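Here my numbering is used: position 160 in the sequence shown is 160, and no number is missing along the way. Written below as structure tokens is the structure these notes are about.
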Amino acid sequence: MRRWEKALLAVDRVLGTGEPPSRLELVAARHPVRVGAASGTVMAVLIAAALSGFGDPVILFQAALIGAGLGLLAWAACRNARWLHAYYVRAGRYEEVRQKGLRAKPLSRRAMILQMLGAWAATSGMFWLIAPRQDIPRGWLWSPAFGAGLLAICYATTRLKQKLSR
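In structure tokens, the structure reads:
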């Protein structure tokens, strides 16, 4: 078990996720059963709705099983987050991360452009996949435009939050 803990902490350090948790992460870590039950139920209903399985008991049962599995996965993730938060508080790691954050350099322009292009590609693909279900125009021109619009809204919101926090 000790090896498993060390492996998890090593992966956590490599990914750079040792930052102090947000309010949402703290709430999820404090209530893992509620998060697992709620997310599993929501996913089961969404899967049943996507497959139009409310009239078919077999599809409804499969959706319930998938929802239960996803709920257990969410519960395990919240329990792991709770364990990591407790470990980092005991080790005093959050203060170390805060100090590193104050001294950290901002991303270079090249890295920011690559990050924005990656986000734009992901949102464009998302719009291309959900377009037929939502009756929005689907095409190679519309999806990238919707992706760019969503990315612009997210960027403007981030800038606004930065200005308000100063």
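Yeah, the Cβ is synthetic: ideal placement off N, Cα and C, and Gly gets one too. All values derive from a computational prediction rather than experimental measurement.
What number of angstroms, rounded off, separates the C-alpha of residue i from the C-alpha of residue j?
{"i": "Lys-6", "j": "Asp-12", "result": "10 Å"}
{"i": "Leu-160", "j": "Ala-28", "result": "26 Å"}
{"i": "Asp-56", "j": "Arg-34", "result": "28 Å"}
{"i": "Phe-127", "j": "Pro-137", "result": "9 Å"}
{"i": "Ala-38", "j": "Ala-63", "result": "14 Å"}
{"i": "Arg-82", "j": "Gly-40", "result": "19 Å"}
{"i": "Ile-153", "j": "Arg-3", "result": "44 Å"}
{"i": "Phe-54", "j": "Gly-71", "result": "20 Å"}
{"i": "Tyr-87", "j": "Gln-115", "result": "31 Å"}
Evaluate residue i with the Cβ neighbour count: other Cβ atoms within 10 Å of its Cβ, from every protein chain shown; 16 or more gives buried, anything less gives exposed.
{"i": "Gly-147", "result": "buried"}
{"i": "Gly-118", "result": "exposed"}
{"i": "Met-112", "result": "exposed"}
{"i": "Ala-156", "result": "exposed"}
{"i": "Thr-123", "result": "buried"}
{"i": "Ala-91", "result": "exposed"}
{"i": "Ile-47", "result": "buried"}
{"i": "Ser-143", "result": "buried"}
{"i": "Gly-169", "result": "Summary: the structure shown does not reach residue 169, with the chain confined to residues 1 through 166, and so no result is reported for it."}
{"i": "Leu-84", "result": "buried"}
{"i": "Ala-74", "result": "buried"}
Among the residues of its own chain, which have a CB less than 7 Å from the CB of residue i, if the five just before and after it don't count?
{"i": "Trp-120", "result": "Gly-147, Ala-148, Leu-151"}
{"i": "Glu-25", "result": "Ala-81"}
{"i": "Phe-61", "result": "none"}
By Cβ distance, which residues of its chain are closer than 8 Å to residue i, with the 5 residues on each side in sequence left out?
{"i": "His-31", "result": "Cys-78"}
{"i": "Ala-68", "result": "Gly-40, Ala-44"}
{"i": "Pro-21", "result": "Ala-29, Ala-81, His-85"}
Exercise for review: Ignoring anything shorter than 4 residues or poking outside the region 41–71, list the alpha helix (DSSP H) runs there in chain order.
Suggested key: Positions of the alpha helix (DSSP H) runs, each at least 4 residues long and wholly inside the region 41–71, cannot be given because no such run exists.
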